[in-house]
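Here the structure comes first, spelled out in structure tokens, and everything after it is commentary.
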Amino acid sequence: MLVYAPAALLFLLFCWRMLRESRRFGNAVILGLAVVCGLIAWMSRLLRSGSTTGTVIACALLALGALGILVLTCLLFLNGLRMVRKEGRSPTNLLSLMAALAIVGVIALVVTASLVRSPVLLGAGAAALGLSGYLSFLFLCFVCYAFLYGRLRVRRKAGFVVVLGSGLIGGDTVPPLLASRLDRARSVHAMLSRRGGPPVLITSGGQGPDEKLPESHAMADYLTARGFPAELIEREDRSTTTEENLRFSKAIMERADPGYRCVIVTNNYHAFRAALTARRTGVRGQVVGSPTAAYFWPNATIREFAAVLVAYKRINTAVCLLFVLAGVLVWATR
254 MLVYAPAALL
264 FLLFCWRMLR
274 ESRRFGNAVI
284 LGLAVVCGLI
294 AWMSRLLRSG
304 STTGTVIACA
314 LLALGALGIL
324 VLTCLLFLNG
334 LRMVRKEGRS
344 PTNLLSLMAA
354 LAIVGVIALV
364 VTASLVRSPV
374 LLGAGAAALG
384 LSGYLSFLFL
394 CFVCYAFLYG
404 RLRVRRKAGF
414 VVVLGSGLIG
424 GDTVPPLLAS
434 RLDRARSVHA
444 MLSRRGGPPV
454 LITSGGQGPD
464 EKLPESHAMA
474 DYLTARGFPA
484 ELIEREDRST
494 TTEENLRFSK
504 AIMERADPGY
514 RCVIVTNNYH
524 AFRAALTARR
534 TGVRGQVVGS
544 PTAAYFWPNA
554 TIREFAAVLV
564 AYKRINTAVC
574 LLFVLAGVLV
584 WATR
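Going left to right, the sequence shown walks through residues 254 to 587 as my numbering numbers them.
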């Protein structure tokens, strides 16, 4: 059973860190490493058992992984085409399509390198395989932990509910994406009100160059039109980014109550990155997500993952350079 010790230790470390602070990307990586170590240990025991059943199960797991890559590629490609039809051809709407093409490109490069045996192709294939494996691992960690974080219940009382803004349709109309956030904020507000006094709801969002009024004002109008008490709404109308949403809302909350706690509401695909930003900006609160259209989720999740990679650009750049160096060494030693 010692073969499972690394996985068990990593899982215990994950649980400890999770209890201390759930808003860390490192938690996702440690959980991912625990799962990988557990799978490696399990497959090692299956292969070393010498039984036909163990070998069949191990081979089936490998085949399932390969099939999963093919299925994922097809789903990303189809989702990319649907995004183009529904949302247009802007670069941010092409992410799932580009991800599918990147997977196909890596597979084609690795297969070609193994057949041709060219030193240049072998080096490029080794680097591409390492980079794609690293990014795939981080992406799976991100998606799985974001799902887990989204399942956490709001257990503490909170004096504020902060709704993060987004762009308006026609410059003054709340779009479905933002309406989903506001509807979830109303339900969270009602739940917190049953636990104690009604919290203040902060609508956070400034005015973009193509908008007729600040997002926070349109959000407040949406809420009051549906019967939400106007006296419980505070408008933060200066922010233009998620970080500013949180910093400016934090200032409002600290003025009213230095020991505040809050619940932050955004869409489910954005919740974990918003939680990371909340921790970085010192906001004391939990982030909850609202539903998002299924076709929109893959593309938006890839965009959020890319933003997290940029937030940790130093370590990610260093690791990627190591894989590139490994590819150069493969080329140089052939």
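Here a beta-carbon is modelled for each residue, glycine too, at the ideal position from N, C-alpha and C.
query: Does the contact criterion of 3 or more C-beta pairs under 8 Å hold for the stretch 462-475 versus the stretch 443-451?; result: no
query: Ends of the alpha helix (DSSP H) at phenylalanine 278?; result: 278-301
query: Beta strand (DSSP E) containing phenylalanine 413: first to last residue?; result: 413-417
query: Report the rounded CA-to-CA distance for serine 367 versus valine 373, giving the unit in angstroms.; result: 11 Å
query: Among residues of its own chain, excluding the 5 on either side of methionine 444, which ones have a beta-carbon nearer than 8 Å to its beta-carbon?; result: Val407
query: On the CB-based measure, 16 or more other CB atoms within 10 Å of its CB, does arginine 502 come out buried or exposed?; result: According to the sequence provided, residue 502 is serine. The question's arginine does not apply to it. Flag for serine 502 reads buried.
query: So, under 8 Å CB-CB, tyrosine 522 and threonine 545 are touching, yes? Tell me the CB distance rounded to an integer number of Å.; result: 6 Å
query: Rounded to whole angstroms, what is the Cα-Cα separation between leucine 293 and threonine 534?; result: Going by the sequence as given, residue 293 is isoleucine instead of leucine. Computed Cα separation, rounded: 38 Å.
query: Could you check what DSSP says for threonine 345 in three-state terms: helix, strand or coil?; result: helix
query: Less than 7 Å between the beta carbons of threonine 519 and arginine 404, yes or no?; result: no
query: Count the other C-beta atoms from every protein chain shown that fall within 10 angstroms of the C-beta of isoleucine 517, then say buried if there are 16 or more, exposed otherwise.; result: buried
query: Going by beta carbon distance, what residues of the same chain come within less than 7 Å of arginine 335, once the five residues before and after it are set aside?; result: Tyr548
query: Counting only runs of 3+ residues fully inside the stretch 452-508, write out the beta strand (DSSP E) ranges in chain order.; result: 453-457, 486-489
query: Indicate whether glycine 412 and glycine 580 have their beta-carbon atoms separated by less than 7 Å.; result: no
query: Please classify asparagine 422 as buried or exposed, where buried requires at least 16 neighbouring CB atoms within 10 angstroms.; result: Here the sequence assigns isoleucine to residue 422, which means asparagine is not the residue at that position. With fewer than 16 other Cβ atoms within 10 Å, it is exposed.
query: Apply the 10 Å Cβ neighbour rule to isoleucine 283 and answer buried if 16 or more other Cβ atoms are within range, or exposed otherwise.; result: buried
query: Do the CB positions of valine 561 and arginine 526 come within less than 7 Å of each other?; result: yes
query: Just to confirm before moving on: does the CB-CB distance between alanine 524 and glycine 538 stay below 7 Å?; result: no
query: I'd like the ranges of any alpha helix (DSSP H) spanning at least 4 consecutive residues and lying wholly in the stretch 513-573.; result: 521-534, 550-564
query: Can you name the start and end residues of the alpha helix (DSSP H) that tyrosine 257 belongs to?; result: Unbroken run through tyrosine 257: none, as it is neither H nor E.
query: Would you decide whether alanine 380 is buried or exposed? Buried here means 16 or more other CB atoms lie within 10 Å of its CB.; result: buried
query: Counting Cβ pairs closer than 8 Å, one from the stretch 263-277 and one from the stretch 285-301, do we hit at least three?; result: yes
query: Taking its Cβ as the centre, do 16 or more other Cβ atoms sit within 10 Å of glutamate 468, making it buried, or is it exposed?; result: buried
query: When you compare each of Leu314, Leu401, Ala260, Leu384 to arginine 277 by their alpha carbons, which one comes out closest?; result: Leu401
query: Kindly list the residues whose CB is nearer than 8 Å to the CB of phenylalanine 390, restricted to its own chain and excluding five residues on each side of it in sequence; keep chain order.; result: Gly285, Val289
query: Taking valine 540 as the reference, which of Glu274, Ile505, Val256, Cys268 has the closest Cα?; result: Glu274
query: Report the option in Arg447, Thr554, Lys566 whose CA atom is closest to the CA atom of cysteine 394.; result: Thr554
query: Verify whether the separation of the beta carbon atoms of isoleucine 455 and valine 415 is less than 7 Å.; result: yes
query: At the level of alpha carbons, what is the spacing between methionine 296 and arginine 567?; result: 34 Å
query: What residue range does the alpha helix (DSSP H) around valine 324 cover?; result: 305-340
query: I'd like the list of long-range same chain contacts for glutamate 507, defined as Cβ closer than 7 Å, with 5 residues on each side in sequence excluded.; result: Tyr513
query: Give the straight-line distance between the Cα atoms of glutamate 496 and leucine 431, rounded to the nearest whole angstrom.; result: 17 Å
query: By the DSSP assignment, the alpha helix (DSSP H) with arginine 406 in it spans what residues?; result: First-last for arginine 406: undefined, no H or E at that position.
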